[in-house]
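Below you'll find the structure, written out as structure tokens, and then a few comments.
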Amino acid sequence: MGNTKAVTDKSFVADVLQADKPVLVDFWAEWCGPCRKVSPLLEEIAGEMGDQVTIVKLNIDENPETARAYRVMSVPTLTVFKNGQPVQSIAGAKPKGELVRLIQSAL
54 MGNTKAVTDK
64 SFVADVLQAD
74 KPVLVDFWAE
84 WCGPCRKVSP
94 LLEEIAGEMG
104 DQVTIVKLNI
114 DENPETARAY
124 RVMSVPTLTV
134 FKNGQPVQSI
144 AGAKPKGELV
154 RLIQSAL
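Counting in our numbering, the sequence shown runs from 54 upward without gaps.
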């Protein structure tokens, strides 16, 4: 992980809910094939849009509390948080353009 940051159940409030700009959370798991497809796209987007949005990754197996709190039923689930609230969410591997549109909808 270069441009993205790992978050945990413990750091979620500070890193996501109290962030001063929108945060895209990638709820993922080691065993998830589509998650591996999305990951390099998120790295690219984080490099290109890092001044507008923070992109973080939350491993649902290691951090089940947060995944449960936001009712994450499948991975990858990508949720944009703004001002501490989830505002937009998509599930499944999506092309880069769709991920960028998801982020832009929250800016």
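All C-beta atoms, glycine included, are put in the ideal place defined by N, C-alpha and C.
{"Asked": "Per DSSP, what kind of secondary structure is residue 146 in: helix, strand or coil?", "Found": "coil"}
{"Asked": "Hey, could you find the ends of the beta strand (DSSP E) residue 108 is sitting in?", "Found": "107-112"}
{"Asked": "Roughly how many angstroms separate the alpha carbons of residue 110 and residue 60, rounded to a whole number?", "Found": "6 Å"}
{"Asked": "Closest to residue 151 by CA distance: which of 135, 138, 136 and 131 is it?", "Found": "131"}
{"Asked": "Do you know how far the Cα of residue 136 is from the Cα of residue 66?", "Found": "11 Å"}
{"Asked": "Can the beta-carbon of residue 81 be found closer than 9 Å to that of residue 128?", "Found": "yes"}
{"Asked": "Considering only the alpha carbon of each residue, which of 113, 99 and 77 lies closest to residue 63?", "Found": "113"}
{"Asked": "Are residue 95 and residue 119 close, meaning C-beta to C-beta below 9 Å?", "Found": "no"}
{"Asked": "Taking residue 123 as the reference, give the member of 88, 87 and 78 with the closest Cα.", "Found": "78"}
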